[in-house]
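A short write-up of the structure that comes next.
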Amino acid sequence: MHLHEDKMRDWLVHTRRDFHMYPEVSNQESRTGERIKEILSQLDIEVQDLHGLTGLVGLIRGKGQGKTIALRADIDALPIQELNDVPYKSRHDGIMHACGHDVHTTIMLGVAKQIQEAGLNKELKGNVKFLFQPAEEVGTGVKEMVAQGVLEDPKVDRVFGCHVSPDLPAGTVGVYRTLSHASADRFSLVIEGKGAHGGRPNEGIDPIVAGSYFVSAIQSVVGRNIKPTDAAVITVGKFMAGKAANVIPRQADLEGTIRAFSNNVRDQLIERMREIIQGIQQTFSVRCDLQFHESVPACVNDEDTSSFLYDVAVHVLGSDRVRYLPPITGSEDFAFFAIERPGAILRLGCANREKGLVHPLHSPHFNVDEEVLLIGVRLFTEAVRRSLT
Ligand code: NI
Numbered sequence: 001m002h003l004h005e006d007k008m009r010d011w012l013v014h015t016r017r018d019f020h021m022y023p024e025v026s027n028q029e030s031r032t033g034e035r036i037k038e039i040l041s042q043l044d045i046e047v048q049d050l051h052g053l054t055g056l057v058g059l060i061r062g063k064g065q066g067k068t069i070a071l072r073a074d075i076d077a078l079p080i081q082e083l084n085d086v087p088y089k090s091r092h093d094g095i096m097h098a099c100g101h102d103v104h105t106t107i108m109l110g111v112a113k114q115i116q117e118a119g120l121n122k123e124l125k126g127n128v129k130f131l132f133q134p135a136e137e138v139g140t141g142v143k144e145m146v147a148q149g150v151l152e153d154p155k156v157d158r159v160f161g162c163h164v165s166p167d168l169p170a171g172t173v174g175v176y177r178t179l180s181h182a183s184a185d186r187f188s189l190v191i192e193g194k195g196a197h198g199g200r201p202n203e204g205i206d207p208i209v210a211g212s213y214f215v216s217a218i219q220s221v222v223g224r225n226i227k228p229t230d231a232a233v234i235t236v237g238k239f240m241a242g243k244a245a246n247v248i249p250r251q252a253d254l255e256g257t258i259r260a261f262s263n264n265v266r267d268q269l270i271e272r273m274r275e276i277i278q279g280i281q282q283t284f285s286v287r288c289d290l291q292f293h294e295s296v297p298a299c300v301n302d303e304d305t306s307s308f309l310y311d312v313a314v315h316v317l318g319s320d321r322v323r324y325l326p327p328i329t330g331s332e333d334f335a336f337f338a339i340e341r342p343g344a345i346l347r348l349g350c351a352n353r354e355k356g357l358v359h360p361l362h363s364p365h366f367n368v369d370e371e372v373l374l375i376g377v378r379l380f381t382e383a384v385r386r387s388l389t
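Under the working numbering, the first residue of the sequence shown is numbered 1, with each subsequent residue one higher.
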């Protein structure tokens, strides 16, 4: 492979920058999907379209019988205005690959290219399925792909995924033993009061005061109701009400996210918030509509699959460059694949202090050390080779 590494590196950088320049938000990844399809077709790889989804499936059928390994890449971007000053800066106003999904997509395409062009396809006993998944950021893509049967025919035995991590230096890799990501549910709250003149509050019912009490009261749930050894998060990320300094508005709209590492804790959070909102209604005479929108469950990796990936990473990078990571309160809809099949997700270090590449995911300054591309390809090509030859 070494002779071809420079060529592969150039191809990866070029491909990633193309995705980076033309990012598309969840469920609108049509250009991205077309590009992926083009590349797979050029590589002579079978493509399966999905109904009503921009994502797609690529399939390499091995010459011999054996297992089917799936490699997953998410393809969507975020509604963020890129602030990086690079030649391949986003050409789509207000949209940016700020979570590195351009990198994940490119890596899995690179693996496909490597398998086809290095002749590994002729040695495979079993199949490699590439799951190019839309709408990760809204947590719906995997669920819909599973419903469309992407894990069947041929039946997938194991799923591998990756996500870049600016918390780890480029050239290093993190693996989760079992639990990797928290569950994430969105909640919305509409508080209806009664509008009034700001100078005569007694004639109205103030939804802002009621909403403020709600925001304060739910802070006690994690602090006082959840066991100190269990982790949980409640964040209100949106609180919209009113338009003028001297008017009490009729309504307040709040939205937030709750996160937990177990269903038990998740249920407890929901139950306590419902109780608190009852109290708020009685105390302030407001009418409240509190809704929970279930999105992504906690992501639990399969321990055997994790340790398989750990060994692969040690083989490719050396033992000093691989380590196990504790779970994080971010969410990852790979969780839906990991529920269906043994699965594991790798964290690929992408930070580089000297190059100033230190910004977190979802930052308008986020960027990766592009060395991560070739490392990702080497890792997952080795994972395929070990699984199927
Ligand atoms: Ni992401």
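Glycine included, C-beta positions come from ideal geometry on N, C-alpha and C.
In this text, all values refer to a predicted model and were calculated from it rather than measured experimentally.
Tell me the rounded alpha-carbon separation between residue i and residue j.
i           : j           : result
residue 32  : residue 304 : 33 Å
residue 358 : residue 134 : 26 Å
residue 240 : residue 247 : 14 Å
residue 345 : residue 301 : 7 Å
residue 355 : residue 124 : 39 Å
residue 257 : residue 27  : 21 Å
residue 117 : residue 156 : 24 Å
residue 152 : residue 49  : 14 Å
residue 316 : residue 174 : 13 Å
residue 329 : residue 119 : 41 Å
residue 101 : residue 336 : 18 Å
residue 80  : residue 95  : 5 Å
residue 327 : residue 388 : 29 Å
residue 323 : residue 164 : 15 Å
residue 243 : residue 139 : 32 Å
Spatial neighbours of residue i within its chain, please: C-beta separation below 6 Å, excluding the five flanking residues on both sides.
i           : result
residue 97  : 20, 23 and 77
residue 194 : 204 and 205
residue 294 : 185
residue 67  : 126 and 157
residue 439 : A question about residue 439 goes unanswered here, because the residues of the chain that appear run from 1 up to 389.
residue 169 : 349 and 351
residue 266 : 183 and 260
Among all the DSSP beta bridges, which residues are the ones paired with residue i?
i           : result
residue 391 : As shown, the chain starts at 1 and ends at 389. That puts residue 391 outside it, with no answer to give.
residue 290 : 189
residue 245 : Answer is none; residue 245 lacks a bridge partner.
residue 439 : Past the edges of the chain, shown from 1 to 389, lies residue 439, and the structure says nothing about it.
residue 179 : 300
residue 197 : 247
residue 253 : 190 and 240
residue 383 : Its beta-bridge partners do not exist; DSSP assigns none.
residue 67  : 126
residue 158 : 69
residue 259 : 184 and 233
residue 62  : BP columns for residue 62 are empty, so no partner.
residue 25  : 77
residue 173 : 322 and 348
Return the chain-ordered list of same chain residues with a C-beta closer than 7 Å to the C-beta of residue i, the five sequence neighbours on each side being excluded.
i           : result
residue 144 : 53
residue 84  : 365 and 367
residue 91  : 21 and 22
residue 360 : 166 and 366
residue 234 : 218, 221, 222, 256, 258 and 269
residue 401 : This structure cannot speak to residue 401, because the chain is shown only from 1 to 389.
Pick from the options: whose alpha carbon is nearest that of residue i?
i           : options               : result
residue 13  : 377, 384 and 386      : 377
residue 332 : 94, 260 and 271       : 260
residue 128 : 47, 177, 89 and 92    : 47
residue 59  : 51, 65 and 131        : 131
residue 11  : 107, 314 and 208      : 107
residue 162 : 153, 176 and 265      : 176
residue 189 : 198, 150 and 211      : 211
residue 371 : 388, 312, 81 and 350  : 350
residue 237 : 254, 224, 373 and 318 : 254
To which residues of the same chain is residue i closer than 8 Å at the C-beta, ignoring the five residues directly before and after it?
i           : result
residue 160 : 69, 70, 71, 72, 305, 309, 343, 344, 345, 346, 380 and 383
residue 276 : 214, 217, 218 and 221
Jot down the residue ranges of each uninterrupted beta strand (DSSP E) in the stretch 69 to 154, minimum 3 residues, whole runs only, in chain order.
Runs of the beta strand (DSSP E) inside the stretch 69 to 154: 125 to 133.
Segments of 4+ residues assigned as alpha helix (DSSP H) that fall wholly inside the stretch 201 to 237:
As far as the stretch 201 to 237 is concerned, its whole alpha helix (DSSP H) runs of at least 4 residues are 207 to 220.
Can you check the stretch 310 to 370 for any beta strand (DSSP E) of at least 3 residues that lies completely inside it and give the ranges in chain order?
Those beta strand (DSSP E) runs which fall completely within the stretch 310 to 370 and span 3+ residues are 322 to 325 and 343 to 351.
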